[in-house]
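A.B. asks: This structure is in structure tokens; I'll ask about it shortly.
Protein chains in written order, with this note's numbering: chain A, 518 to 900; chain B, 518 to 900.
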């Protein structure tokens, strides 16, 4: 039995508080900065445009010379230069007359509309001034942002390093994926793979170790050798059985802060630290591990990675009643059918096919005892 | 002037209709299948579990022998075997009694609760039966799905190939990013980079060509050499100026179906085909190119990639009035501040810093003439 079960909200807060945004930075070529976070305000080295740039095809003119021009009283110019969009407006001119408003007759340009100074011209620095801050520290770079950096002639920028997350799958029954066929009592190691794929999706770097057998010494060694990670995730052996060593090893090697959380599935979850490194012990049951990854690990990783942790939510109607245990946060797999959430009625945390059928999940808060059919709920898709 | 302006909805439909879901497939190691789409129903080669698996720590028993057991009238067994979660229930036993309901006294097990057959046992095939379809054609693989494939011992699976998208940046004024410093009238090529990053984000493979100068022959060559792509995106030279060659080249090399779309920004947009390959001509103004990428290219690419094209939408209040031209679809950059959408009041399609400041965009439909301050609008984040 767990000595003390921690509330899900409290557990979540504790883990997030243990995790600090990573301060390490790295210089990266801009084309590799997609979805990376700026670690130092980026200052423009140049004006953009760096010259007075025509915004239309037409003729460069001196705007003062067009004063009073109209279709009934056109103005005739000798001093002009043909120009195309994007070209530099030559010295001595300050505006561009559009093709449509002008007629070229030999060496004379007939203009039917007055133009103001800078008309159809993007002036030097109009978009960005030299020394302007283009992106502040903390900004996540999207494709058009990278395109803007490129237009400033920047080759590389400083970004926060991705948090390094050590993933340690444990269990003497585990066999590396498809390494050989299985004997009864064996299983392929799959939780580590799932955790790795999510860790990478969520903006971090996964360092997955080999499978560690159920042996406290070996678990301790694996934890010790992962201490330069920003977080250690140990999977399996987190309950209170004879061979559930992970939480005890954590208690000996560092601090065990929480063991047992009021969440369904996912009760056998533990959090702690080794020196300053947060350690998460995830249950070996895959559905429970998945639920923990979303409830606890995701917000913690996003914080470390300087990323927004909001997960899209869609408000949908619940097709059938969900039962849940009051005092526990329940993570319920649902399939979306025609915009209605159909709970997947499988209780076993070992039943992976239930996730394959689910489009996402609904969270039942701890103060509720289930949710009635027909109620509106917040659906979150599995990424 | 454009001869005929096409409505934005009609243009979007035309482009999407030109694009077919890619039928090419490839065999991929499962760990590389993240976000890839299954091209052929995946059938399980095994039962999962492949043996009767203990779901609890405790003792394997023959359920019939526990009949009538209760705390006041316990049953004593000689025939049992200790077992841990995940282990195979030995031959001759059909249930597991939990630790908590039993006391081991020497070689005798005292049981305080009757167990039914299969109690605390995951039976062979309970999760997945051999020959079950695990994932249907068309399913996008998420981390837990890949974990499920791994648990079935599958090493690799067949997925649809990613659509190949040729990206051809054109413009005699363009210089490769940071290749050298710029002369007046020159600019770094950045739209191709932006398009490439989005194409990859949207599940496709980008094949970016070198910069092509404003020369119809060279544009034609670039189009011809890109014909094994699933879509050709040409950027720049798409308006009706003297040097806007792309649409005419397309008309000669294949079919020009649309030239000029009622969208702001993005009017100088053209769609067509070369043989069966859809061709998109995007304006060279970066904000217009971005707007076209979202309005037209994204849904077309998602269709080709067998992916859902829904973009998260958040309903928010508009801080200030948006002006728009009736008959035109307007794509308005907005910043979100405290959940309120603040339009970024920059009209120039050349002003890239306006995108840097924007969190996403709001679409004003063609039947509207602007949107009043305070109205609720659908905000879409820039990915």
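Cβ coordinates follow ideal geometry from the N, Cα and C atoms, glycine included.
None of the values given here were measured: they were computed from a predicted structure.
1. Assuming residue 763(B) contacts residue 705(A) under a Cβ cut-off of 8 Å, what Cβ separation, rounded to an integer in Å, is found between them?
2. Identify every run of the beta strand (DSSP E) within the segment 657-731 of chain A, keeping only runs that are complete inside it and at least 3 residues long; order them along the chain.
3. State the Cα-Cα distance for the pair residue 516(A) and residue 716(A), rounded to the nearest angstrom.
4. Is the number of C-beta pairs between the segment 812-824 of chain B and the segment 767-777 of chain B that are closer than 8 Å three or more?
5. Please report whether the beta-carbon of residue 576(B) lies at a distance below 8 Å from any beta-carbon of chain A.
6. Report the three-state DSSP secondary structure of residue 553(A) (helix, strand or coil).
7. What whole-angstrom Cβ distance do residue 656(A) and residue 766(A) have, given they're in contact under 8 Å?
8. Can you round the beta-carbon distance between residue 627(A) and residue 599(A) to whole angstroms, since I take them to be within the 8 Å contact cut?
9. Let's test the definition: count the other Cβ atoms within 10 Å of the Cβ of residue 593(A) and tell me whether it reaches 16, buried, or not, exposed.
10. Which of the three DSSP states is assigned to residue 752(B) in this structure?
11. At a Cβ cut of 8 Å, what residues of the segment 841-870 of chain B count as close to chain A, listed as they run along the chain?
12. Can you tell me whether DSSP reads residue 834(A) as helix, strand or coil?
13. Using CA atoms only, rank isn't needed, just tell me which of 708(A), 654(A) and 639(A) is closest to residue 570(A).
14. Give me the chain A residues within the contact set of residue 872(B), using Cβ-Cβ distance strictly less than 9 Å, ordered along the chain.
15. Report buried or exposed for residue 620(B), applying the criterion of at least 16 other Cβ atoms within 10 angstroms of its Cβ.
16. What does DSSP give as the partner residues of residue 787(A) in its beta bridges?
17. Classify residue 711(B) as buried or exposed, calling it buried when 16 or more other Cβ atoms lie within 10 Å of its own Cβ.
18. Using alpha carbons as the reference points, say which of 665(A), 880(A) and 612(A) lies closest to residue 636(A).
19. By DSSP's criteria, residue 639(A) is part of a beta bridge. Which residues make up the other side?
20. Report the option in 852(A), 871(A) and 741(A) whose CA atom is closest to the CA atom of residue 782(A).
21. Please look up how many angstroms separate the CB atoms of residue 868(A) and residue 780(A), rounded, as I've assumed it's under 8 Å.
22. What span of residues does the beta strand (DSSP E) with residue 651(B) cover, start to end?
23. Secondary structure at residue 895(A), three-state DSSP: helix, strand or coil?
24. Taking 8 Å as the CB-CB cut-off, is residue 685(B) touching chain A?
25. Would you mind stating whether residue 519(B) and residue 757(B) have Cβ atoms separated by less than 8 Å?
26. Nearest-angstrom Cα distance between residue 575(A) and residue 727(B)?
27. Take every Cβ of the segment 826-841 of chain B, pair it with every Cβ of the segment 878-888 of chain B, and state whether three or more of those distances are shorter than 8 Å.
28. Starting from the beta carbon of residue 679(B), find every residue of chain A whose beta carbon is closer than 8 Å, and list them in chain order.
29. Would you mind listing the beta strand (DSSP E) stretches within the segment 813-877 of chain A that are 3+ residues and don't spill past its ends, in chain order?
30. Could you tell me whether the Cβ of residue 819(A) comes closer than 8 Å to any Cβ of chain B?
31. If distances are taken between C-alpha atoms only, which option among 676(A), 859(A), 865(A) and 540(A) comes closest to residue 879(A)?
C.D. replies: Judging by the given coordinates:
1. On the second chain, position 246 is the one that residue 763(B) refers to. On the first chain, position 188 is the one that residue 705(A) refers to. Wrong, their Cβ atoms sit about 52 Å apart, outside the cutoff.
2. 673-677, 681-686 and 722-725
3. No information on residue 516(A) is available, as it lies outside the stretch 518 to 900 that chain A covers here.
4. no
5. The residue you call residue 576(B) lines up with position 59 of the second chain. No - not a single Cβ of chain A is within 8 Å of the one on residue 576(B).
6. For the purposes of this step, residue 553(A) is taken as residue 36 along the first chain, with counting starting at 1. It is coil, neither helix nor strand.
7. Here the question's residue 656(A) lines up with position 139 in the first chain. Here the question's residue 766(A) lines up with position 249 in the first chain. Not really, about 40 Å apart at Cβ, beyond 8 Å.
8. Here residue 627(A) is taken as the residue at index 110 of the first chain, counted from 1. Here residue 599(A) is taken as the residue at index 82 of the first chain, counted from 1. In fact, because the Cβ distance is near 14 Å, the residues do not count as touching under 8 Å.
9. If you number the first chain from 1, residue 593(A) lands on position 76. Result: exposed.
10. The residue you call residue 752(B) lines up with position 235 of the second chain. Correct three-state label for residue 752(B): strand.
11. 865, 867, 868, 869 and 870
12. Position 317 of the first chain, counted from the start, is the residue given in the question as residue 834(A). Reduced to three states, the DSSP call for residue 834(A) is strand.
13. Reading the first chain from its first residue, position 53 is the one you call residue 570(A). The candidate whose alpha carbon is nearest that of residue 570(A) is 639(A).
14. Taking the second chain and counting its residues from 1, the one referred to as residue 872(B) is at position 355. Near residue 872(B) (Cβ distances below 9 Å), the residues of chain A are 659, 661, 662, 664 and 665.
15. Within the second chain, numbered from 1, the residue matching residue 620(B) stands at position 103. Looking at its Cβ environment, which holds fewer than 16 other Cβ atoms inside 10 Å, residue 620(B) is exposed.
16. In the first chain, counting from the first residue as 1, residue 787(A) sits at position 270. 776(A) and 798(A).
17. Working through the second chain from its first residue, we reach residue 711(B) at position 194. Classification of residue 711(B): buried, given that the 10 Å Cβ count is 16 or more.
18. Within the first chain, the letter at position 119 stands for residue 636(A). The candidate whose alpha carbon is nearest that of residue 636(A) is 612(A).
19. Residue 639(A) sits at position 122 when you count from the first residue of the first chain. Looking at the DSSP assignment, residue 639(A) forms a beta bridge with 570(A).
20. As a position in the first chain, residue 782(A) is number 265, starting the count at 1. Ranking the options by Cα distance to residue 782(A), first place goes to 871(A).
21. The residue labelled residue 868(A) in the question sits at position 351 within the first chain. The residue labelled residue 780(A) in the question sits at position 263 within the first chain. The pair is not a contact, with the Cβ atoms about 17 Å apart (cut-off 8 Å).
22. Working through the second chain from its first residue, we reach residue 651(B) at position 134. 650-652 is the span of the beta strand (DSSP E), which, as asked, contains residue 651(B).
23. Stepping through the first chain from its first residue, residue 895(A) is reached at position 378. Strand, per DSSP.
24. Taking the second chain and counting its residues from 1, the one referred to as residue 685(B) is at position 168. Not one chain A Cβ lies under 8 Å of residue 685(B).
25. Position 2 of the second chain, counting from 1, holds the residue named residue 519(B). Position 240 of the second chain, counting from 1, holds the residue named residue 757(B). Taking 8 Å as the Cβ cut-off, residue 519(B) and residue 757(B) qualify as a contacting pair.
26. Working through the first chain from its first residue, we reach residue 575(A) at position 58. Working through the second chain from its first residue, we reach residue 727(B) at position 210. Using only the alpha carbons, I get a separation of about 28 Å.
27. yes
28. For the purposes of this step, residue 679(B) is taken as the residue at position 162 of the second chain. Ordered by position in chain A, no residue passes the 8 Å Cβ test against residue 679(B), which lies about 17 Å from the chain.
29. 831-835, 846-854 and 857-860
30. Translated into positions along the first chain, residue 819(A) becomes position 302. Chain B, which has no Cβ nearer than 8 Å to the Cβ of residue 819(A), makes this no.
31. Position 362 of the first chain holds residue 879(A). The residue with the shortest Cα to Cα distance from residue 879(A) is 859(A).
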